[in-house]
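Enquirer:
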Amino acid sequence: MSTTSAAAAAPLPTGRPLWRRLLGFNLLTAVILGVGGYYLGWWIGHLINGPSFEYESATDENDVALLLGYVFGVIGFLIGLGFANYPISRLMGRPASLREKESEGMGRYFGLCTDHKVVGIQYLVGIGLFFFVGGVNAMLIRAELLKPVPTLIGPNQYLSLVGMHGTMMMGVMTSGILGPFANYFVPLMIGARRMAFPRIEALTFWLLMAAGFILVSTIFFGGFPTGWTGYEPLNDEAVMGMDSYIVFFALVGISMALLGLNMMATIITMRAPGLTWSRLPIFVWSVFATAVLMVLAAPMLIATLSMAALDRTINTSFFMTGGGGSSYLFENLFWFFGHPEVYILALPGFGIILELIPVFTRKPLWGYRLAVSGMLGVSLLSFFVWQHHLFVSGINGDLRPFYMLSTEIISIPTGFIFLCFMGTLWKGRISFTVPMLFCVAWAFNFLIGGLSGVVLSDVPTDTGLHGSFFVMAHFHYTIMGGLIFSFFAAIYYWVPKMLGLRFNEKLAKWHFWLMFISFNSTFLPLFALGLEGMPRRVSTYEPSLQNLNDWVSISAFVLGFSMLIFLTNVVYSLIFVRQPAEANPWHSKSLEWQVPTPVPVNNFEQIPVIDHDPYDYGTPLQVEGSGRPATAGA
Amino acid sequence: MSSNPAAASGGPAGGDASEPNHTLRFGILWVVGTLIALPLAIWVIGPLIGPGSGSEQALGQSTDDTVLAALATPVLTLVVFYLIYASIFFRQERGGVLEGPAVRGHARVQTVWIVVTSLMVLAVAVFGTVRLEAGDGAGSGSGPNPLTVPKGPKLPIQVIAQQWMFTYRYPTYGGVETRELYLPDNENVEFHVTSLDVIHSFWAYKLGVKADANPGVDNIAFVKPTKLESFTVRCAELCGIWHGYMENAGKVVTPTEFTSWIHEQQTKYAPATKVLPKYSTTYLPEPQRRGE
Numbered sequence: 000m001s002t003t004s005a006a007a008a009a010p011l012p013t014g015r016p017l018w019r020r021l022l023g024f025n026l027l028t029a030v031i032l033g034v035g036g037y038y039l040g041w042w043i044g045h046l047i048n049g050p051s052f053e054y055e056s057a058t059d060e061n062d063v064a065l066l067l068g069y070v071f072g073v074i075g076f077l078i079g080l081g082f083a084n085y086p087i088s089r090l091m092g093r094p095a096s097l098r099e100k101e102s103e104g105m106g107r108y109f110g111l112c113t114d115h116k117v118v119g120i121q122y123l124v125g126i127g128l129f130f131f132v133g134g135v136n137a138m139l140i141r142a143e144l145l146k147p148v149p150t151l152i153g154p155n156q157y158l159s160l161v162g163m164h165g166t167m168m169m170g171v172m173t174s175g176i177l178g179p180f181a182n183y184f185v186p187l188m189i190g191a192r193r194m195a196f197p198r199i200e201a202l203t204f205w206l207l208m209a210a211g212f213i214l215v216s217t218i219f220f221g222g223f224p225t226g227w228t229g230y231e232p233l234n235d236e237a238v239m240g241m242d243s244y245i246v247f248f249a250l251v252g253i254s255m256a257l258l259g260l261n262m263m264a265t266i267i268t269m270r271a272p273g274l275t276w277s278r279l280p281i282f283v284w285s286v287f288a289t290a291v292l293m294v295l296a297a298p299m300l301i302a303t304l305s306m307a308a309l310d311r312t313i314n315t316s317f318f319m320t321g322g323g324g325s326s327y328l329f330e331n332l333f334w335f336f337g338h339p340e341v342y343i344l345a346l347p348g349f350g351i352i353l354e355l356i357p358v359f360t361r362k363p364l365w366g367y368r369l370a371v372s373g374m375l376g377v378s379l380l381s382f383f384v385w386q387h388h389l390f391v392s393g394i395n396g397d398l399r400p401f402y403m404l405s406t407e408i409i410s411i412p413t414g415f416i417f418l419c420f421m422g423t424l425w426k427g428r429i430s431f432t433v434p435m436l437f438c439v440a441w442a443f444n445f446l447i448g449g450l451s452g453v454v455l456s457d458v459p460t461d462t463g464l465h466g467s468f469f470v471m472a473h474f475h476y477t478i479m480g481g482l483i484f485s486f487f488a489a490i491y492y493w494v495p496k497m498l499g500l501r502f503n504e505k506l507a508k509w510h511f512w513l514m515f516i517s518f519n520s521t522f523l524p525l526f527a528l529g530l531e532g533m534p535r536r537v538s539t540y541e542p543s544l545q546n547l548n549d550w551v552s553i554s555a556f557v558l559g560f561s562m563l564i565f566l567t568n569v570v571y572s573l574i575f576v577r578q579p580a581e582a583n584p585w586h587s588k589s590l591e592w593q594v595p596t597p598v599p600v601n602n603f604e605q606i607p608v609i610d611h612d613p614y615d616y617g618t619p620l621q622v623e624g625s626g627r628p629a630t631a632g633a
Numbered sequence: 000m001s002s003n004p005a006a007a008s009g010g011p012a013g014g015d016a017s018e019p020n021h022t023l024r025f026g027i028l029w030v031v032g033t034l035i036a037l038p039l040a041i042w043v044i045g046p047l048i049g050p051g052s053g054s055e056q057a058l059g060q061s062t063d064d065t066v067l068a069a070l071a072t073p074v075l076t077l078v079v080f081y082l083i084y085a086s087i088f089f090r091q092e093r094g095g096v097l098e099g100p101a102v103r104g105h106a107r108v109q110t111v112w113i114v115v116t117s118l119m120v121l122a123v124a125v126f127g128t129v130r131l132e133a134g135d136g137a138g139s140g141s142g143p144n145p146l147t148v149p150k151g152p153k154l155p156i157q158v159i160a161q162q163w164m165f166t167y168r169y170p171t172y173g174g175v176e177t178r179e180l181y182l183p184d185n186e187n188v189e190f191h192v193t194s195l196d197v198i199h200s201f202w203a204y205k206l207g208v209k210a211d212a213n214p215g216v217d218n219i220a221f222v223k224p225t226k227l228e229s230f231t232v233r234c235a236e237l238c239g240i241w242h243g244y245m246e247n248a249g250k251v252v253t254p255t256e257f258t259s260w261i262h263e264q265q266t267k268y269a270p271a272t273k274v275l276p277k278y279s280t281t282y283l284p285e286p287q288r289r290g291e
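Quick mapping for you: the protein sequence lines, in order, are chains A and B. With numbering that gives the first Met the number 0 as the guide, the letters of the first sequence map in order to residues 0 to 633. With numbering that gives the first Met the number 0 as the guide, the letters of the second sequence map in order to residues 0 to 291.
1) Could you pull out every residue in the same chain whose Cβ sits closer than 8 angstroms to the Cβ of leucine 482 of chain A, ignoring the five residues on either side in sequence?
2) Could you give the C-beta distance for aspartate 196 of chain B and glutamine 162 of chain B, rounded to a whole number, given that I count them as a contact under 8 angstroms?
3) Which residues in chain B have a C-beta closer than 7 angstroms to the C-beta of valine 608 of chain A? List them in chain order.
4) By the 10 Å Cβ neighbour count, where 16 or more other Cβ atoms means buried, how is histidine 262 of chain B classified, buried or exposed?
5) What three-state label does DSSP hand isoleucine 352 of chain A in the structure shown?
6) Can the beta-carbon of glycine 190 of chain A be found less than 8 angstroms from the beta-carbon of isoleucine 609 of chain A?
7) Give me the Cα-Cα distance between valine 274 of chain B and valine 216 of chain B, rounded to the nearest whole angstrom.
8) Do leucine 602 of chain A and leucine 187 of chain A have their C-beta atoms closer together than 8 angstroms?
9) Mind checking alanine 269 of chain B: buried by the 16 CB within 10 Å criterion, or exposed?
10) Would you identify the three-state DSSP class for tryptophan 202 of chain B, choosing helix, strand or coil?
11) Please compile the residues from chain B whose C-beta is within a distance smaller than 7 angstroms of the C-beta of valine 537 of chain A.
12) Consider the Cβ of glycine 45 of chain B: report whether some Cβ of chain A lies at a distance smaller than 8 angstroms.
13) Any residues in the stretch 209–224 of chain B with a beta carbon nearer than 7 angstroms to a beta carbon of chain A? Which ones, in chain order?
14) Within 10 Å of its beta-carbon, does asparagine 314 of chain A have 16 or more other beta-carbons around it, so buried, or fewer, so exposed?
15) Taking only three categories from DSSP, how would you classify aspartate 217 of chain B?
16) Is the shortest distance between the beta-carbon of proline 145 of chain B and the beta-carbons of chain A less than 8 angstroms?
17) Near tyrosine 642 of chain A, which residues of its chain fall below 7 angstroms by C-beta distance, leaving aside the five closest residues on each side in sequence?
18) From the DSSP output, read off the bridge partner residues of glutamine 157 of chain B.
19) Give the secondary structure of phenylalanine 565 of chain A by DSSP, where H, G and I count as helix, E and B as strand, and everything else as coil.
20) Over the uninterrupted beta strand (DSSP E) stretch that includes leucine 187 of chain A, give me the two end residues.
21) With a cut-off of 8 angstroms, do at least 3 Cβ pairs link the stretch 468–488 of chain A to the stretch 443–455 of chain A?
22) Three or more C-beta pairs under 8 angstroms: does that hold for the stretch 333–341 of chain A against the stretch 353–368 of chain A?
23) When burial is assigned at 16 or more other CB atoms within 10 Å of the CB, is phenylalanine 575 of chain A buried or exposed?
24) At the 8 angstroms Cβ level, is asparagine 395 of chain A part of the contact set with chain B, yes or no?
25) Starting from the beta carbon of isoleucine 27 of chain B, find every residue of chain A whose beta carbon is closer than 7 angstroms, and list them in chain order.
26) Tell me which residues share the same chain as glycine 51 of chain B and place their Cβ nearer than 7 angstroms to its Cβ, disregarding the 5 neighbours each side in the sequence.
27) Check for me: the beta strand (DSSP E) holding glycine 249 of chain B runs from which residue to which?
28) Are there 16 or more other CB atoms within 10 angstroms of the CB of lysine 375 of chain B, so buried, or fewer, so exposed?
29) Count the other CB atoms, across all protein chains shown, that sit within 10 Å of the CB of arginine 627 of chain A; report buried if there are 16 or more and exposed otherwise.
30) Determine the extent of the alpha helix (DSSP H) in which tyrosine 244 of chain A is found, giving its start and end residues.
31) For tyrosine 81 of chain B, which residues in chain A fall below 8 angstroms Cβ to Cβ?
32) Residues of the stretch 107–133 of chain B with a CB closer than 7 angstroms to any CB of chain A: list them in chain order, please.
33) Please report the straight-line C-alpha distance between serine 625 of chain A and proline 339 of chain A, rounded to a whole angstrom.
34) How would you list, in chain order, the residues of chain B whose beta-carbon sits under 9 angstroms from the beta-carbon of leucine 369 of chain A?
35) Relative to chain B, which residues along the stretch 450–472 of chain A have a C-beta separation below 8 angstroms, given in chain order?
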C-alpha cells in the first residue's frame with residue numbers, strides 16, 4: 000500500500016464528472032438521508048400517536064414523533080455515510096475487506112474513513128466545533144449574570160443555555176482526549192497498524208457528530224430546563240426539547256461504550272512484540288483505565304435515558320412517584336453513570352500530563368508503577384462513590400459515612416498522580432515550552448479542584464455547599480482546569496506530529512498565560528459566591544453579590560478571548576503560514592515520534608520490537624568522584 | 000534509541016559540586032510557608048467561610064469548614080511551593096539540551112507518601128463521621144429515619160415544596176399553613192421536607208439546613224437556631240423556569256414572639272385549617288420515625 004501524504008492535495012480521481020462523484024455514500028448523501036429519515040420518523044410518530052391523544056394534538060407536543068424522527072434520522076445519516084455497506088455485502092456473501100473507502104486527499108476527512116489517523120483529526124475538528132458551541136453558551140450565561148435580574152434573556156432560554164452548555168461539555172468532551180489523541184496515537188504508541196475495530200472507530204465519531212447536532216436542535220423544540228443532570232420528574236414534565244437531550248446523551252453513551260471497547264481490545268491484543276504491560280506508555284494506561292470506565296458506565300446511561308424516554312412517551316412511570324416509580328431511581332442510575340463519567344473526563348488528562356513531563360524534564364517518569372496503580376485505583380473506586388451527589392437527598396442517611404469514606408479514599412490514588420508528577424520534576428531539566436506550561440497549570444488547577452472536593456465530600460460541610468456555586472467552581476477546576484488544560488497541552492504537543500505543521504509560539508504563549516490567569520480569575524471567586532450562598536443555575540441573585548459576579552463575568556469574557564487567540568493561532572499557523580514542524584521538535588523518545596511525518600497509512604514498515612519503556616531519558620546518576628552508580632535517590 | 004548530545008556534553012546531572020541540598024531547602028521552605036499559611040487559614044479565612052453562627056448546626060459546619068481548610072493548607076503549600084521551587088531551580092538553560100538524572104522512583108518516599116496520605120484521608124473520614132453523628136449534619140436531609148435525633152422536645156414543621164414556592168405547616172398548632180417561616184429561638188426544630196411535583200431542595204443557608212424535597216418522600220432535618228435574625232430560604236435543586244425566584248424570607252424570633260405570631264396565623268387561617276387533619280393525607284407521606 001502506498002504511503003501518501005495526509006495534507007498534500009492528492010490528484011483528484013480523473014474521468015468522473017462532479018455530479019457522479021456526489022452520488023454514492025458520502026456526507027451529502029448522509030445529510031439528505033438523515034433529513035429524510037427524520038421526516039419519515041416524524042410522520043410515523045404522528046400516525047401512531049396523533050389524534051388519539053388529546054394532549055398531544057392540543058399542544059403540538061408529540062414526543063413519540065420527535066424521538067422516532069431523531070432515531071430514523073440518525074439511521075439514515077449512518078446509512079448515507081456507508082455504514083451499512085459492509086454488513087450488507089457480508090450478508091450477500093462478498094469477501095471481507097478491511098478498509099472502507101480507501102480514498103486520498105482532503106475528501107476522506109468528510110466521510111466514513113477507517114484510517115485511525117483520519118478519524119483522530121476528524122475528532123479533533125468535530126470536538127473543537129462543539130467545544131466552541133458550549134463555550135459560546137458559557138459566554139451568554141455569564142453575560143446574563145452581569146446583572147442580578149434577568150435583562151438579556153428570559154429564564155426559559157437561560158435554563159436552556161445552562162443545560163446545553165453543561166450537556167455539550169459533559170457529553171462531547173468525554174471523548175475530548177480519547178477521540179482525537181487516543182485514536183491517533185494509541186496504535187502508534189503500541190506499534191500497531193490500526194485499531195482493533197476500524198469501522199467501529201469511525202462509527203463512534205459520526206455518532207458523536209449526529210448527537211451534537213441533535214442537542215443543538217433542542218432550540219427548535221423549546222429547549223430543556225433540567226441542566227445536564229436531567230433529573231426526574233422535571234424531565235418528564237418538560238417540553239419536547241427534552242427529547243433532544245435524551246437522544247443526544249444516549250447516542251453519546253453508545254459512542255462512548257464503543258470507543259472504550261475498541262480501545263480495550265486494541266490495547267489488550269495489538270501491542271507490538273516486547274511491549275509488555277510494564278513498558279506501556281503511561282498515556283496508553285490512562286486510556287485503558289478510561290476505556291474500562293466507559294464500557295462499564297455508559298450502558299447505564301443508555302438504559303436510564305431509555306427509561307426516561309419511555310416515561311415521556313408511553314407513561315411507563317419508572318420515575319413517577321404516583322405510578323409506583325421513584326425520583327431517587329433516576330438519581331441513583333444517573334449518578335452511577337455520572338460519577339465514573341467525571342473520571343472519564345479526568346483520567347486521560349492524568350495520562351497526557353504524565354506522558355509529557357518526562358519529555359520536558361528530560362527525566363524518566365518517576366514512579367511508573369505508582370502512576371499506573373493510581374489510575375486503575377481511581378477507575379475502580381469511581382464506581383463506589385456516586386451517592387455523594389445525594390448527601391442531602393434523604394435517600395438513605397445511614398449510608399452517608401460510607402460514601403464519605405469512599406469519596407475521600409479516592410484522593411489517595413489521585414495523590415499518587417501528584418507524587419509522580421512532583422517526583423518527575425525533581426532535579427529535572429525543565430524547558431517551559433507551551434505544552435509544559437499547560438502541564439504545570441494542570442497541577443495547580445487540579446490541586447485546587449481536588450482540595451475543594453474534600454470539603455464537598457464531608458457531609459456536614461457539604462450541607463451548606465451542595466447545589467451552590469462552590470460545587471460549580473469545584474468541578475470547573477477539575478474538568479476545565481484538568482481536562483481542558485491537558486487537552487491543550489496535547490494539542491500543542493501532538494498537532495505538529497498530526498499535521499506536520501508548527502504553531503506560532505508567541506501566540507501560543509499568549510494563549511496560555513491569558514487562559515491560565517483568566518481561568519483562575521473566573522473560577523476562584525465562584526468559591527466565594529458559593530460560600531455566600533448563591534445557588535447554581537439561577538439567572539437572578541442577591542444584589543449584594545453583583546460586584547463579584549461582574550468580576551467573574553469579565554474574567555470569563557477574557558477566558559473566551561484567550562480561546563479566540565488559540566483560534567487565531569490555528570487559522571494563522573495551520574492554514575496561512577504552514578511552517579513545517581521538525582520531525583521530533585521535543586526530542587521525545589516515545590514511539591509515535593519515531594515514525595515519519597506525515598504518518599504512512601500503515602504506520603510502520605515493519606512492526607517494531609520493544610525492549611524498554613519509552614522513558615529512556617536522563618543520564619544514569621553517578622556519585623561524584625567515584626565511578627559507581629548511586630542508589631536511585633532524590 | 001536516538002543518541003543525544005546532552006548525555007555526552009552535560010556530564011552527570013546533579014553531580015555538580017555547587018548543587019545545593021534541594022531536599023533540605025525545599026523542606027525548610029515548605030515548613031516555614033505552612034507555618035505562615037496555617038494561622039491565616041484558621042483565623043483569617045476560617046471565619047469567612049461556612050454558614051456562620053445562625054444555629055448550632057451552622058456553627059458546627061463552620062468549625063468543620065475551618066478544620067478542613069487547616070488540613071488542606073499543608074497539602075496546598077506543599078504542591079504550590081513545589082511547583083514554584085521546581086520552576087525556579089530545576090530549569091533547563093535557554094536552548095540547553097541537558098538531561099536530568101535517570102531516577103525512576105524512590106521506594107521510601109513512595110511508601111511514606113502512601114502511608115501519610117492514607118492516614119490523612121482516614122482522619123478526615125473519621126472526623127467527618129464523628130461530626131456528622133454529633134449533629135453537625137443534622138441540618139442535612141437525612142431521609143425518613145434519621146440515625147441521630149436531637150434529644151428533647153422538637154417543634155415539627157412540614158415544608159411543602161412545589162413549583163415555585165414553599166409552604167410551611169405547623170402540625171402542633173392545628174396544621175396552620177403559612178408562606179413565611181418563623182422559628183422560635185433556642186428550640187429544636189424538626190423539618191419534614193416533601194414535594195408536590197418535581198425535586199426541590201429546601202435550603203436555609205444561614206441555619207445550615209439543606210434537604211431535598213422529593214415527591215412522596217418525608218425528608219427530615221433538624222436545626223436549633225441560636226441567633227435572632229432573618230434569613231433567606233432558597234430552592235437549591237433546579238426545578239424549572241422560576242427556580243431562581245423560588246425563595247422567601249424566614250425569621251428567628253423569641254419563643255414569646257413566636258407564640259403570638261403563630262396564634263395570629265391560626266386565627267387568620269382558621270377557616271382553611273379546620274378542614275385539614277393533623278398531617279393531611281393530601282400531603283404524602285405521613286411522617287414516620289424509628290423508635291416512636
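Even glycine gets a Cβ: it sits at the ideal position worked out from N, Cα and C.
Expert: Let me lay it out:
1) For leucine 482 of chain A, same chain residues with a beta-carbon under 8 angstroms away, outside a window of 5 residues either side, are Met172, Gly175, Ile176, Leu344, Ala345, Pro347 and Gly348 in chain order.
2) For aspartate 196 of chain B against glutamine 162 of chain B, the beta-carbon gap comes to about 5 angstroms, under 8 angstroms, which counts as contact.
3) The premise fails here: valine 608 of chain A is roughly 13 angstroms from chain B at the closest Cβ pair, so nothing lies under 7 angstroms.
4) Taking all protein chains in view, the Cβ of histidine 262 of chain B is surrounded by fewer than 16 other Cβ atoms within 10 Å, so the residue is classified as exposed.
5) If DSSP states are grouped into helix, strand and coil, isoleucine 352 of chain A belongs with the helices.
6) Yes.
7) Rounded to whole angstroms, the gap between the alpha carbons of valine 274 of chain B and valine 216 of chain B is 23 angstroms.
8) One detail in the question is off: residue 602 of chain A reads as asparagine in this sequence, not leucine. Taking 8 angstroms as the Cβ cut-off, asparagine 602 of chain A and leucine 187 of chain A qualify as a contacting pair.
9) Alanine 269 of chain B comes out exposed.
10) Tryptophan 202 of chain B sits in a strand when the DSSP states are folded into three classes.
11) Chain B residues near valine 537 of chain A: His242 and Gly243.
12) Chain A has no Cβ within less than 8 angstroms of the Cβ of glycine 45 of chain B.
13) With the criterion set as a beta carbon lying under 7 angstroms from some beta carbon of chain A, the members of the stretch 209–224 of chain B are Lys209, Ala210, Asp211, Asn213, Pro214, Gly215, Val216 and Asn218, in sequence order.
14) Classification of asparagine 314 of chain A: exposed, given that the 10 Å Cβ count is below 16.
15) Of the three classes helix, strand and coil, the one that applies to aspartate 217 of chain B here is coil, per DSSP.
16) Between proline 145 of chain B and chain A, the shortest Cβ-Cβ separation is below 8 angstroms.
17) In this structure chain A extends from 0 to 633, so residue 642 of chain A is not present and cannot be described.
18) B:Arg168 and B:His191, per the DSSP bridge assignment.
19) Taken through DSSP and simplified to helix, strand or coil, phenylalanine 565 of chain A comes out as helix.
20) From DSSP, leucine 187 of chain A is part of no beta strand (DSSP E) but of the alpha helix (DSSP H) over 182–188.
21) Segments in contact, yes.
22) Cβ pair count under 8 angstroms is below three, so no.
23) With fewer than 16 other Cβ atoms within 10 Å, it is exposed.
24) True, the Cβ-Cβ gap to chain B drops below 8 angstroms.
25) Correct list: empty, because the minimum Cβ distance to chain A is about 16 angstroms.
26) Contacts found: Ala57, Ser61 and Lys205.
27) Here the beta strand (DSSP E) through glycine 249 of chain B covers 246–252.
28) The requested residue 375 of chain B is not part of the displayed model; chain B covers only 0 to 291.
29) Only weak support is given to the placement of arginine 627 of chain A: the predicted model assigns it a pLDDT of 42, under 50, and the question is left unresolved by the model.
30) First-last of the alpha helix (DSSP H) with tyrosine 244 of chain A: 240–268.
31) Within chain A, the residues near tyrosine 81 of chain B are Met421 and Leu424.
32) Residues Val108, Gln109, Trp112, Thr116, Ser117, Val120, Val123, Ala124, Gly127, Thr128, Arg130 and Leu131.
33) In this predicted model, serine 625 of chain A has a pLDDT of only 41, less than 50, meaning its place in the structure is not dependable; the value taken from the coordinates is given anyway. The alpha-carbon of serine 625 of chain A is positioned some 51 angstroms away from that of proline 339 of chain A.
34) Within chain B, the residues Gly104, Gln109, Trp112 and Ile113 have their CB atoms less than 9 angstroms from the CB of leucine 369 of chain A, given in chain order.
35) Per Cβ criterion, the list reads Leu450, Val453, Val454, Ser456, Asp457, Val458, Pro459, Thr460, Asp461, Thr462, Gly463, His465, Gly466 and Ser467.
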